[in-house]
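Quick notes on the structure that follows.
2 protein chains.
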Amino acid sequence: MTISRREFTRMTALGIAASSTTFPAFAQAAPRKIGYCIIGLGRIADHHMRAIAQGTTSTITGLVSGHRDKAEKIAAQYGVPKGSIYSYQDMDRIRENKAIDAVIVCLPNSMHAEYTIRSAKAGKHVLCEKPMSVSVLEAEDMIAACKANKVKLLIAYRLHYEPFTLKTIQLIKSGALGSVQAINSANGFNIAKGEWRTQHALAGGGPLMDVGIYCLNATRYLTGEEPVAFTAVATSNREDERFKDIEESLSWTMRFPSGIVASCSTTYGAQMPSFAKVFGANGWLEFDNFNYEAQQIKGAYRSDRNAPLTKLDETSTAHDPSHFVSQVDHFTRCILEDKTPDTPGEEGLRDMQYIQAIYRAAGITMG
Amino acid sequence: MTISRREFTRMTALGIAASSTTFPAFAQAAPRKIGYCIIGLGRIADHHMRAIAQGTTSTITGLVSGHRDKAEKIAAQYGVPKGSIYSYQDMDRIRENKAIDAVIVCLPNSMHAEYTIRSAKAGKHVLCEKPMSVSVLEAEDMIAACKANKVKLLIAYRLHYEPFTLKTIQLIKSGALGSVQAINSANGFNIAKGEWRTQHALAGGGPLMDVGIYCLNATRYLTGEEPVAFTAVATSNREDERFKDIEESLSWTMRFPSGIVASCSTTYGAQMPSFAKVFGANGWLEFDNFNYEAQQIKGAYRSDRNAPLTKLDETSTAHDPSHFVSQVDHFTRCILEDKTPDTPGEEGLRDMQYIQAIYRAAGITMG
C-alpha cells in the first residue's frame with residue numbers, strides 16, 4: 003500500500019473520488035478482493051451490484067432471493083456460481099461459503115434486523131441499507147450481534163462517500179459561511195400505489211424512514227452536532243389508499259446544542275426535489291445532494307461584512323454509481339485493514355433514535 | 003372609468019402591472035388625486051414616497067417627523083408646503099388639513115397602533131406598514147378606531163399588489179401543481195447592531211415580526227387557507243448584544259385544514275435569502291418573491307403522471323417601486339370608490355393572531 007489511511011481520508015475530504023478507477027495505488031497493491039453476497043435483488047441492489055462491478059476491490063460471490071429465475075439471470079450477468087444462490091430460508095448456509103466475506107442487505111426496512119443478525123451469526127460482515135431498522139431496539143440488537151460475532155457493520159449512508167457532499171462539509175467546517183444559524187432541508191416524492199414502502203409492516207413508517215432520513219442525516223453531517231430537541235407535525239389523507247397506515251407528509255424542527263435550528267420536510271404525496279440550505283452569519287449555500295445523479299452547490303459568502311463576495315455555483319460530474327463505488331471500496335478496506343467504517347451501526351442507531359423522537363413529537367408511535 | 007373593478011382585478015391577476023403608467027384609463031378619467039401624509043421618514047417611507055411620485059393617482063401633501071431639517075428637505079423634493087410638516091406632538095392637527103386624505107404609517111412597529119388610531123380620529127384613511135401592531139389587542143383597537151371614524155385601513159402587504167406574486171397564486175389556484183401538500187419558506191438576514199428592530203420595546207419581537215411575517219403571509223396567500231396548528235422553536239445567542247431581548251432565529255410549522263404543512267424559518271443572525279417552495283402532487287415551484295427587486299419563479303409540473311413536463315423559469319422585469327405604486331394606487335381607488343382594500347386591517351389582525359400562536363409555541367410571551 004502506497005497510500006495511508008490518513009492520506010486516503012484527506013483525499014476523500016478534498017473531494018477526490020475514492021473509487022478504485024481514480025485510485026491506482028489500490029489496484030496496484032492488489033489485495034484479495036472481498037466477496038459480497040447480495041440479499042434482496044430489488045432496485046437498490048442494482049446500484050450496489052453495478053458499483054461492485056465498476057470497482058476493482060470487490061466482487062459478487064453470492065445472491066439471496068425469493069425469485070430463483072431472476073437470481074439465475076443476475077448470477078449469469080455477474081459471474082456468480084449457481085451454487086451460491088440462496089433462498090431466504092436457507093441463506094444461513096452462507097456460513098460455509100468461503101467466497102462470501104460480507105453481505106449487502108437490500109431488503110425492505112422491516113427485514114434489515116433479521117438478515118443483518120443472521121448474516122452476523124454466519125460470520126459475515128454486513129453492509130446494510132438505510133434506515134438501519136424499524137426501531138431503536140432492533141438497531142441495538144444489530145450492533146450487538148455484529149460485535150458478538152466480530153463482524154463489521156456499515157450503514158449505507160452513501161453521501162458520506164460522495165465527494166461533493168464532503169466538499170460541502172469541508173466548506174462549512176472551514177468557517178466560510180461564518181457561524182451557522184439555520185438549515186432548511188426537504189426530500190420527498192409522490193409515491194406510486196402498491197409500493198412496499200407504503201406498507202407499515204414492511205417499511206416501519208412513512209417517508210421519514212425512507213427519504214426524510216436524508217434531511218435528518220444531512221443536518222448532522224453539515225453541523226457536526228447532534229440534535230437535542232424536536233417538534234413535528236404529520237398529516238395524512240386517510241382516504242388515499244397509500245396513506246392508510248403511514249404518514250403522508252411530515253415537517254419537523256430540530257434544535258442543536260450551538261443553537262442551530264434545522265427545519266425539515268418530507269412527503270410521499272408531492273413532488274419535493276431534495277435540497278438543503280445552510281444559513282450562516284456571513285453566507286449561505288444550497289445543495290441538492292440527495293440524488294444519485296450529478297449534484298449542485300449554489301450560494302454566496304463573505305469572510306466578513308466588508309470582504310468581497312464569493313459566489314458558489316458548481317455542478318459535480320459524479321454520476322451514479324460513483325459514490326456507491328466509494329462506499330463499497332471503503333467497506334472492503336475496513337474489512338481488509340480491520341478498521342471501523344465511517345458510517346457504523348452507531349450512526350444508524352442515532353438516526354433511529356432521532357426518528358423515534360420526531361415521530362413522538364408528531365404523536366406517532368413507532369414499530 | 004372605462005375599466006371596471008372586475009376587469010382591473012382580472013388584469014392584475016393576469017400579471018398586468020396595475021401601476022398607473024400602464025393603466026391609461028385611470029389617468030384619462032383623472033379623478034382628483036388623493037393626498038397622503040407620510041408619518042415617519044425612514045427607509046420604508048422612501049419606498050412609499052417614490053411610489054407616489056412615480057404614479058399619477060396620488061400625491062404627497064404632508065409629512066410627520068421628529069427631524070424638522072430632514073422633513074424640510076423632503077418637503078422641497080416632493081413639493082409639500084412647509085406648513086404641512088408636523089411633529090409627532092402636533093400631528094393631530096392634520097385633521098384641519100383638507101389636502102390630506104390619508105396617511106402612511108412608516109414608524110417602528112410599537113408606534114403603529116398609536117399613530118393609526120390618532121390618524122383615524124383625525125378623519126384620515128390609514129395605510130399602515132406591516133406588522134400591523136405588536137399585539138392582537140392593538141390590532142383589534144386599530145380596526146375598531148378606523149371603523150368608528152369611518153376611514154379605510156390597508157396593511158402594507160405589498161406583495162398582494164405585485165404581479166409576479168399574483169401570477170404564482172393563480173398558477174397554484176389553477177391546479178397546475180395538483181393538490182398542494184407542503185410549503186417551505188424562509189426569510190432572514192444578519193442584522194446590524196443598534197437597529198431599532200433589535201429593540202423589543204420598538205419592534206415588539208424579533209425577525210418573525212419583521213421578515214418572518216413574509217413567510218407566514220405567503221403560506222396563506224399561496225394556499226388560500228388559514229393555519230390551524232403551530233409548532234415553533236426559537237434560539238438566541240444572549241451574549242450577542244443584538245439578541246438581548248428578541249429571538250435570533252425561529253423555525254416553525256403550520257398545519258392547514260386541507261392537511262398542507264408549511265415549514266418556515268426566519269433569523270436576524272444569518273444570511274437567509276428569501277424563498278418559498280410549494281410542493282404539489284404533480285409539481286413544485288420555487289419563488290424568491292419577498293424582495294424589492296426583480297423576482298424569479300422556477301419549477302416543474304405535469305397535469306398528471308403521464309403528461310409532458312412543463313418547466314418554469316421566469317424572471318420578472320418589475321423593479322422597485324413598481325408594486326409600491328400598485329399598492330398606493332389600489333388604496334387611492336378604494337378611497338375614491340368606497341371599497342374595502344384587498345389587505346384590510348383584518349388581514350393584518352390574522353397575522354398578529356398567528357404570530358402570537360407561533361411565539362406561544364416557541365415559549366415566548368408577546369407584547
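Read top to bottom, the protein sequences are chains A and B.
In this text, residue positions in the first sequence follow this note's numbering: the first is 3, and each later residue adds one.
In this text, residue positions in the second sequence follow this note's numbering: the first is 3, and each later residue adds one.
Yeah, the Cβ is synthetic: ideal placement off N, Cα and C, and Gly gets one too.
Item, Value
"So SER251(A) is in the beta strand (DSSP E); what residue range does that whole segment cover?", "251 to 257"
"Looking only at DSSP bridge pairs, what is GLU288(B) linked to?", "LYS279(B), LYS300(B)"
"Please decide whether VAL213(A) counts as near chain B, where near means a Cβ-Cβ distance under 7 Å.", "no"
"Is GLY207(B) close to chain A? Criterion is C-beta to C-beta, closer than 7 Å.", "no"
"Can you tell me whether DSSP reads GLN201(A) as helix, strand or coil?", "coil"
"Step through the CB atoms of chain A and report whether any lies within less than 7 Å of the CB of GLN183(B).", "yes"
"Should ALA272(A) be flagged as near chain B, meaning a C-beta pair shorter than 7 Å?", "yes"
"Of the residues ILE46(B), LYS341(B), LEU204(B), LYS35(B), which one's Cα is nearest the Cα of VAL153(B)?", "LYS341(B)"
"Could you please give the first and the last residue of the uninterrupted beta strand (DSSP E) stretch that includes PHE191(A)?", "182 to 192"
"Do we get a CB-CB distance below 7 Å when we pair VAL136(B) with the residues of chain A?", "no"
"Counting only beta-carbon atoms, is GLY177(A) nearer than 7 Å to chain B?", "no"
"Anything in chain D within Cβ reach of PRO229(A), meaning under 9 Å, just list it in chain order.", "Absence of chain D from the displayed structure is noted, the protein chains being A and B."
"Using a Cβ-Cβ cut-off of less than 7 Å, give me the residues of the stretch 35 to 53 of chain A that come near chain B, in sequence order.", "none"
"By the DSSP assignment, the beta strand (DSSP E) with PHE232(B) in it spans what residues?", "231 to 237"
"Per DSSP, what kind of secondary structure is GLY68(B) in: helix, strand or coil?", "coil"
"Which same chain residues, not among the five before or five after ARG97(B), have their C-beta less than 7 Å away from its C-beta?", "ALA124, GLY125"
"Report the CB separation of SER187(B) from CYS130(B) in whole angstroms; it is logged as a contact under 8 Å.", "Not confirmed; about 23 Å, so no contact."
"So for GLY37(B), helix, strand or coil by DSSP?", "strand"
"Hey, is PHE281(A)'s beta-carbon within less than 7 Å of any beta-carbon in chain B?", "yes"
"Kindly list, in the order they appear in chain B, the residues whose Cβ is closer than 8 Å to that of ARG257(A).", "VAL235, THR237"
"Does THR445(A) get closer than 7 Å to chain B when you measure Cβ to Cβ?", "The structure shown does not extend to residue 445(A), since chain A is modelled only from 3 to 369, so the question has no answer here."
"Who pairs with THR268(B) in a beta bridge, going by DSSP?", "ASN189(B), LEU252(B)"
"Using CA atoms only, rank isn't needed, just tell me which of ILE366(B), ILE102(B), MET93(B), VAL136(B) is closest to PRO110(B).", "VAL136(B)"
"Determine which residues share a DSSP beta bridge with GLU346(B) and list them.", "Note on identity: in this sequence residue 346(B) is Pro, with Glu being the wrong assignment. Paired residues: LEU156(B)."
"Can the beta-carbon of SER318(B) be found closer than 7 Å to that of ALA296(B)?", "yes"
"Does any C-beta atom of chain A lie closer than 7 Å to the C-beta of GLY261(B)?", "yes"
"Is there a Cβ of chain A sitting closer than 7 Å to that of ASN293(B), yes or no?", "no"
"Could you give the DSSP three-state label for LEU109(B): helix, strand or coil?", "coil"
"Can you give the Cα-Cα distance for ALA309(A) and ARG52(A), rounded to whole angstroms?", "46 Å"
"Considering only the beta carbon of each residue, do GLY190(A) and VAL213(A) sit closer than 7 Å?", "yes"
"For GLN273(B), which residues of its own chain have a beta-carbon under 7 Å away from its beta-carbon, when the five flanking residues on both sides are left out?", "PHE191, ASN192"
"With 16 as the cutoff for other CB atoms within 10 Å, does PHE25(B) come out buried or exposed?", "Its pLDDT being 45, under 50, PHE25(B) is placed unreliably by the model, and the measurement read from it follows with that caveat. The residue in question, PHE25(B), is buried, as its Cβ has 16 or more Cβ neighbours within 10 Å."
"Hey, does SER265(A) have any beta-carbon neighbour from chain B nearer than 7 Å?", "yes"
"In chain order, what residues of the stretch 324 to 352 of chain A put their CB closer than 9 Å to some CB of chain B?", "none"
"Should ALA27(A) be labelled buried (16 or more other beta-carbon atoms within 10 Å of its own) or exposed?", "Its pLDDT being 48, under 50, ALA27(A) is placed unreliably by the model, and nothing is read from it."
"Listing by chain order, which chain A residues have their CB less than 7 Å from the CB of SER253(B)?", "ALA184, THR255, VAL263, SER265"
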